[in-house]
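Residue numbers (the working numbering): 9 to 161.
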């Protein structure tokens with residue numbers, strides 16, 4: 009069956025629920041064989057627990073060395089402060105340490121800052137080309153000069 013991995017990733021929850029409903033009647037092995045998945049894959053999908061309080065959607069019981077939700081909100085507040093908005097991330101991290109709000113490693117801060125940082129509007133250059141030359145020359149080089157100037161700006 010072509011594209012079965014894509015179908016599996018999209019319909020994972022439904023497949024697990026179907027196998028759990030059918031398994032009392034025909035058994036887990038037969039149900040998995042019917043849907044063309046291995047029993048190992050079924051048990052892996054069944055044991056996946058999604059934690060909504062975690063930024064990275066990892067269960068806190070299975071992955072205990074995560075930042076708490078309070079520390080995550082502190083990082084988000086520091087990243088949204090208007091006076092720290094144009095600071096480098098390293099400086100924001102050390103400011104947070106100096107204020108004794110949260111304690112973590114710099115690489116951990118970078119990881120959470122990348123996930124929690126608000127989206128900023130990127131600067132876009134104006135669509136109108138202001139630096140183009142409008143007077144004409146009687147030479148074939150004018151077209152080349154005009155194109156290179158337009159591409160630069």
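Every residue, glycine too, gets a C-beta built ideally from N, C-alpha and C.
The structure presented is a predicted model; accordingly, all values stated were derived computationally and were not measured.
Closest Cα partner of residue i within the set the options
i: residue 51; options: 21, 65, 78 and 59; result: 21
i: residue 47; options: 23, 119, 61 and 10; result: 23
i: residue 85; options: 109, 17 and 44; result: 109
i: residue 98; options: 90, 49 and 121; result: 121
i: residue 105; options: 83, 73 and 49; result: 83
i: residue 13; options: 43, 37 and 118; result: 43
i: residue 87; options: 45, 72 and 124; result: 124
i: residue 115; options: 62, 127, 75 and 90; result: 75
Buried or exposed (CB count within 10 angstroms, at least 16 for buried), residue i
i: residue 101; result: buried
i: residue 139; result: Per-residue confidence for residue 139 stands at a pLDDT of 49, beneath the threshold of 50, marking its modelled position as unreliable; the derived number appears in the next sentence. The residue in question, residue 139, is exposed, as its Cβ has fewer than 16 Cβ neighbours within 10 Å.
i: residue 15; result: exposed
i: residue 39; result: buried
i: residue 64; result: exposed
i: residue 72; result: exposed
i: residue 111; result: exposed
Bounding residues of the alpha helix (DSSP H) (the contiguous stretch that carries residue i)
i: residue 95; result: Segment: none, residue 95 is in no alpha helix (DSSP H) and carries neither H nor E.
i: residue 179; result: Nothing can be reported for residue 179, as the shown portion of the chain is limited to 9 through 161.
i: residue 80; result: 77-88
For this session: Would you check if the region 63-70 and the region 23-40 touch, i.e. whether three or more CB-CB distances between them fall below 8 Å?
Result: no
Exercise. Hey, is the region 73-81 in contact with the region 37-57, meaning 3+ C-beta pairs nearer than 8 Å?
Worked result: no
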